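In UniProt numbering, the protein residues as written are 1 to 229.
In structure tokens form, the structure reads like this:
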């Protein structure tokens, strides 16, 4: 692992490449030399200038580390105090979310139910599993197969109406994405009944042999890394 330092100055800019070849570059907020944990502040993935993404990088699992801009410890600004209460709350929320997903897998929930649960949990924290049922706000239940008609609760309550709208939007977005994916697959498939194109150069006397015109299309994959704000 090239470029690893025993200490990183707060405020320095460091770039890391993980063992999965994912590159992370940001400003050093903290570094623990014993555990080799490096905390970087990066531009917000949602593009909002008032926010930042914070990455906790385990340097034991990176293939390369480079200091892009080093700040002297004597000139670096004093670190800002951490809101430990907020950080602990975020940790608890993440742990609870992972537990809920594990519960869904153990209950044998279908992929459609898992996707709906994840979509709702992005905007509503008060969500959990009761067997294969999704429970929101403790009083709205979504049963398999997780369609709009499977939303149960007090139809006059604001919670019921809000959850139903979220389910409707998720189903519409899922259908639209599936339609776009289907159209892409149809465009990539060769059309039936079409004869491959051949051409011969003018004056070609190679016993009437034709040269095939090959058409190639190179798709470059785009990797999106989702990061919590």
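Ideal Cβ placement from N, Cα and C applies to all residues, glycine included. Keep in mind the model is a prediction, meaning the values are calculated, not measured.
Going by C-alpha positions, residue 66 is about 57 Å away from residue 154.
Looking from the CA of residue 25, the closest CA among 48, 64, 60, 91 belongs to 64. Between residue 164 and the set 119, 189, 181, 130, the nearest pair of CA atoms involves 119.
If you draw a 10 Å sphere on the C-beta of residue 16, you find 16 or more other C-beta atoms in it, and that means buried. By the criterion of at least three beta-carbon pairs nearer than 8 Å, the region 121-128 is not in contact with the region 141-156. For the pair residue 19 and residue 61, the CB atoms are nearer than the 8 Å cut-off.
Runs of the beta strand (DSSP E) lying entirely within the UniProt domain "AD" (80-175) and spanning at least 3 residues, in chain order: 127-130, 133-136, 140-142. Scanning 103, 35, 117 for the CA closest to the CA of residue 171 turns up 117. The C-alpha of residue 87 is placed about 15 Å away from the C-alpha of residue 51.
A buried status is given to residue 38, since no fewer than 16 other beta-carbon atoms sit within 10 Å of its beta-carbon. Within the same chain, Cβ atoms closer than 7 Å to the Cβ of residue 41 are found at 26, 27, 29, 52, 54, the five residues on either side in sequence being excluded. A Cβ-Cβ distance of about 6 Å is found for the pair residue 7 and residue 33, placing them in contact under the 8 Å criterion. By the neighbour-count criterion, in which a residue is buried when 16 or more other Cβ atoms sit within 10 angstroms of its Cβ, residue 134 is buried. Residue 51: not part of any beta strand (DSSP E); DSSP gives it neither H nor E. Annotation: the continuous beta strand (DSSP E) that includes residue 24 extends over 23-32. Residues of the same chain with a CB within less than 8 Å of the CB of residue 57, apart from the 5 flanking positions on each side, are 16, 18, 24, 37, 38, 39, 40 in chain order. Relative to residue 112, the option among 22, 167, 158 whose CA is nearest is 167. Annotation for residue 15: the continuous beta strand (DSSP E) segment containing it runs 13-18. The three-state secondary structure of residue 45, taken from DSSP, is coil. Judged by DSSP in its simplified three-state form, residue 72 adopts coil rather than helix or strand. DSSP places residue 189 in the coil class of the three-state scheme, outside both helix and strand.
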